[in-house]
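Numbering (our numbering), first residue to last: 6 to 626. Ideal Cβ placement from N, Cα and C applies to all residues, glycine included. Every value quoted in this text rests on a predicted model; they were computed, and no experiment measured them.
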Ligand code: M6R
């Protein structure tokens, strides 16, 4: 939530600071789009130049066109997802302190802001905004006024703050320095030549450099054009090895599609293929990416808990069916924000699997820490390299979906299921639940999925057409059984997020226990029909559910396996996906539902990449 960019370059580079920061904000806008702002250190040694505007980044760009900022060498920029105070020009970041000499931007929530505000107000400071950020700005300003350098003042400020924050600040008297601090919120450093960058995410600077440094908890970073100094909370300098970002700027572009979401839906064959690639070590064993978990621990695990939120949790629910089936270890799936408040039974024999695209979802981070405190081993299934969950988990299995920019998750979902399956196969192999030929057969089944996804994409026009004709629907229901149940819930979530239509996903078997009361004449109901080649009873039971809603007037839209003529008999519309083993079907059957939500939202004229009220990574609890 909230995107943060910082830049410092050489003197005489004119517009570059502003251009780099505005470019970074454009790439980070998915993190929040309630307002945007920029602060720039120019030749004015008394005051940082700023511009900020409520609404999307386009409003700030228009403001800069009308009232250009002077040239400068250092700049910070912010795109906001509002927490404290409504999205107004005044509450937009940056916030100024020390009569405009200091500018600060912030991502996160400062929990003790009220107490600090009272303390600072008593010294005569006048607050202009409703934000917790301004409190941090004035605290920083007062420390600078007392004679501290900006980095020292930032460390002292961070020590006084409680909660989650990434802070970046500039000082008008020091035109070639940007200082940043982080606790429980992301901040990465980009290393350039004669210039350096800061960002909430590497996408902020990926078009300029693919060499990055991660910052750990409570570290403070000072960037100048030629130097990056990282210190810990005790002011000790920390040496950090840079890493190479293994995708480039093109991966974060729309690539000819109308929206990032459409592009990311089309990225799904490669997201799955890349997640599968290179997973077998020299002994022919599956391997994790980073970190080591003692094989003895994994062999003695007696329970697996998958923790995640939103779409990642639905991926976890899909993976549960496979992991439990292949390993015979009980698997629970729990929403991360509920997990630690429930006093869960976790021991050293519990394996916790944290699933997260961003690796920065605060609810999931807190659940990981809680599990580790209880002695559990944590494996992260994470997309963002070097993110907090990737770093704090005992080991990581990266989903290699590439950058996911659209706020609604699509390709990460498929990659998360794939990684969950790889983990299940890995455990089954390690624990001896499967013979090598069975493991090979499962891997072959997975290997066939990318080409099948491509076929679903190539034949998506019918679902697009139906979606366009349904722009005026008020409610859409989604039903599924077994692995089709989390797919139904994911389909409903996509529709809610993108088209602002009331949508509910139900276990098809639950229908008769209440939800069927919602069905009236012409009510659209999507049904994910299992393969007739799977457990026969499952197929026929879901078709019975289809009959039950049809008998009450529902318009049924059925996702079925190619060749399932019986399913077609039960449907107003049928959308076929290629045949696959039952556990692999979610990787195919969800795609028409993603496309349906995208197309319907687009038909309503909505911004499918940045739906209202949402932010890509939810970095506050
Ligand atoms: O970054 P994460 O995977 O941890 O994010 C989890 C959820 O916030 C995320 O999946 C959210 O539900 C998306 N808006 C779904 O489209």
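Q | Three-state secondary structure (DSSP) of residue 622 | A | Counted from its first residue, the chain shown places residue 622 at position 617. Reduced to three states, the DSSP call for residue 622 is coil.
Q. What's the C-alpha gap between residue 438 and residue 332?
A. By one-based count along the chain shown, residue 438 stands at place 433. By one-based count along the chain shown, residue 332 stands at place 327. Roughly 6 Å separates the two Cα atoms.
Q. Roughly how many angstroms lie between the CA atoms of residue 15 and residue 181, to the nearest whole one?
A. Working through the chain shown from its first residue, we reach residue 15 at position 10. Working through the chain shown from its first residue, we reach residue 181 at position 176. If you take the alpha carbons of residue 15 and residue 181, they lie about 8 Å apart.
(Q) Just to confirm my understanding: we take residue 383, look at its own chain, exclude 5 residues before and 5 after, and list those with CB closer than 7 Å. What are they? (A) Translated into the one-based positions of the chain shown, residue 383 becomes position 378. Within the same chain, residue 383 has close Cβ partners 357, 359, 373, 376, 377, 398 and 399.
Q. Who are the Cβ neighbours of residue 84 in its own chain at under 7 Å, not counting the five residues just before and after it?
A. To locate residue 84, count along the chain shown from 1; it is residue 79. Excluding the 5 residues flanking it on each side, residue 84 has same chain C-beta neighbours closer than 7 Å at 7, 8, 30, 33, 34, 36, 37, 38, 41 and 62, in chain order.
Q | Nearest residue (CA-CA) to residue 472, options 578, 555 and 393 | A | Along the chain shown, one-based indexing puts residue 472 at 467. When each option's Cα is compared against that of residue 472, the closest is 578.
Q: Grab me the residues of residue 143's own chain with a C-beta within less than 7 Å of its C-beta, minus the 5 sequence neighbours each way, in chain order.
A: For the purposes of this step, residue 143 is taken as residue 138 along the chain shown, with counting starting at 1. Listed in chain order, the non-local C-beta contacts of residue 143 below 7 Å within the same chain comprise 102, 125 and 130, local neighbours out to five positions each way being set aside.
Q | Cβ neighbours of residue 77 in the same chain (closer than 6 Å, five flanking residues each side left out) | A | Residue 77 sits at position 72 when you count from the first residue of the chain shown. Same-chain partners within the cutoff: 22, 45, 46 and 47.
Q) Got a sec? Which residues, its chain only, sit under 6 Å from residue 458 by beta carbon, not counting five neighbours each side? A) Here residue 458 is taken as the residue at index 453 of the chain shown, counted from 1. Excluding residues within five positions, the ones whose Cβ falls inside 6 Å are 273 and 274.
(Q) For a test of the three-state rule: what should DSSP assign to residue 38, helix, strand or coil? (A) In the chain shown, counting from the first residue as 1, residue 38 sits at position 33. Here residue 38 sits in coil by DSSP.
Q: Look at the alpha carbon of residue 492 and the alpha carbon of residue 119, and state the distance between them as a whole number of angstroms.
A: In the chain shown, the residue the question calls residue 492 occupies position 487. In the chain shown, the residue the question calls residue 119 occupies position 114. As the crow flies, the alpha-carbon of residue 492 is around 43 Å from that of residue 119.
Q. Among 104, 167 and 206, which residue has its Cα nearest to the Cα of residue 149?
A. Mapped onto the chain shown, residue 149 falls at position 144. Closest option to residue 149, Cα to Cα, is 104.
Q. Residue 468 to residue 388, Cα distance in whole Å?
A. Here residue 468 refers to the residue found at position 463 of the chain shown. Here residue 388 refers to the residue found at position 383 of the chain shown. Near 29 Å, if we compare the C-alpha coordinates of residue 388 and residue 468.
(Q) Suppose you measure from the CA of residue 370 to the CA of residue 394; what does that come to, to the nearest Å? (A) Here residue 370 refers to the residue found at position 365 of the chain shown. Here residue 394 refers to the residue found at position 389 of the chain shown. If you draw a straight line from the Cα of residue 370 to the Cα of residue 394, it comes to about 6 Å.
**Q.** Backbone secondary structure at residue 12 - three-state DSSP
**A.** Position 7 of the chain shown, counted from the first residue, corresponds to residue 12. In the structure shown, residue 12 sits in a strand (DSSP, three-state: E or B).
Q) How many Å lie between residue 196 and residue 121 at the Cα? A) Numbered from 1 along the chain shown, position 191 holds the residue referred to as residue 196. Numbered from 1 along the chain shown, position 116 holds the residue referred to as residue 121. Roughly 35 Å separates the two Cα atoms.
Q: Return yes when the Cβ of residue 354 is within less than 7 Å of the Cβ of residue 307, no when it is not.
A: The residue given as residue 307 occupies position 302 in the chain shown. The residue given as residue 354 occupies position 349 in the chain shown. For residue 307 and residue 354, yes; Cβs fall inside 7 Å.
**Q.** Limits of the alpha helix (DSSP H) - the one that residue 325 falls within
**A.** Here residue 325 refers to the residue found at position 320 when the chain shown is read from its first residue. Counting along the chain, the alpha helix (DSSP H) containing residue 325 begins and ends at 315 to 332.
Q) Excluding the five sequence neighbours on either side, which residues of its own chain have a C-beta within less than 8 Å of the C-beta of residue 3, listed in chain order? A) No information on residue 3 is available, as it lies outside the stretch 6 to 626 that the chain covers here.
Q: With hydrogens ignored, establish whether the beta-carbon of residue 316 is closer than 6 Å to any heavy atom of ligand 1.
A: Position 311 of the chain shown, counted from the first residue, corresponds to residue 316. For residue 316, the CB falls within less than 6 Å of some heavy atom of ligand 1.
Q. Since residue 3 sits in a beta bridge, which residues does DSSP pair it with?
A. For the chain, the structure presents residues 6 to 626; residue 3 sits outside this window and is missing.
Q. On the premise that residue 433 lies in contact with residue 361, defined as a C-beta separation below 8 Å, what is that separation, rounded to the nearest angstrom?
A. The residue you call residue 361 lines up with position 356 of the chain shown. The residue you call residue 433 lines up with position 428 of the chain shown. So it is not a contact: roughly 24 Å between Cβ atoms.
Q: Can you say whether residue 112 is buried or exposed, counting buried as having 16 or more other CB atoms within 10 angstroms of its CB?
A: Here the question's residue 112 lines up with position 107 in the chain shown. Burial call: buried.
Q. Is the region 500 to 519 close to the region 615 to 626, with three or more CB pairs under 8 Å?
A. These segments touch.
Q: Leaving aside the five residues before and after residue 563 along the sequence, list all residues of the same chain whose C-beta is less than 6 Å from its C-beta, in chain order.
A: Within the chain shown, residue 563 is the residue found at index 558, counting from 1. Result list for residue 563: 532, 534, 572, 576 and 579, in chain order.
Q | Beta-carbon proximity check, residue 282 vs residue 250, cutoff 7 Å | A | As a first step, residue 282 is located in the chain shown; it is residue number 277 there, counting from the start. As a first step, residue 250 is located in the chain shown; it is residue number 245 there, counting from the start. Contact flag unset, no.
Q) Could you check where the alpha helix (DSSP H) with residue 431 kicks off and where it finishes? A) Residue numbering aside, residue 431 sits at position 426 when the chain shown is read from its first letter. For residue 431, the enclosing alpha helix (DSSP H) covers residues 416 to 435.
**Q.** Neighbourhood of residue 187 by C-beta, 6 Å cutoff - its chain only, sequence neighbours within 5 removed
**A.** Counting from 1 along the chain shown, the entry for residue 187 is found at position 182. Exclusion of the five residues before and after residue 187 leaves 171 and 220 as the residues of its chain whose Cβ lies within less than 6 Å of its Cβ.
Q. Whose C-beta lies closer than 6 Å to the C-beta of residue 627 among residues of the same chain, with five residues either side of it excluded?
A. Only positions 6 to 626 of the chain appear in this structure, which leaves residue 627 out of reach.
**Q.** Selection from 80, 178, 462 and 57 that minimises the alpha carbon distance to residue 95
**A.** If you number the chain shown from 1, residue 95 lands on position 90. Out of 80, 178, 462 and 57, the CA that lies nearest to the CA of residue 95 is found in 57.
Q) Looking at the structure shown, is residue 538 part of a helix, part of a strand, or coil, going by DSSP? A) Here residue 538 corresponds to residue number 533 of the chain shown, with the count starting at 1. Coil, per DSSP.
Q.
Just verifying my parser: in three-state terms, what is the DSSP assignment at residue 213?
A. Residue 213 sits at position 208 when you count from the first residue of the chain shown. For residue 213, the three-state secondary structure derived from DSSP is coil.
(Q) Under DSSP, the alpha helix (DSSP H) around residue 64 begins and ends at which residues? (A) Taking the first residue of the chain shown as position 1, residue 64 is located at position 59. Segment 62 to 71, the alpha helix (DSSP H) holding residue 64.
Q. With a cut-off of 8 Å, do at least 3 Cβ pairs link the region 232 to 249 to the region 408 to 425?
A. Short answer: they don't touch.
Q. Could you give the residue range of the beta strand (DSSP E) that holds residue 195?
A. Residue 195 sits at position 190 when you count from the first residue of the chain shown. Under the DSSP assignment, residue 195 falls in the beta strand (DSSP E) whose first and last residues are 193 to 196.
Q. For the alpha helix (DSSP H) that residue 271 lies in, which residues bound it at each end?
A. Residue numbering aside, residue 271 sits at position 266 when the chain shown is read from its first letter. For residue 271, the enclosing alpha helix (DSSP H) stretches over residues 265 to 271.
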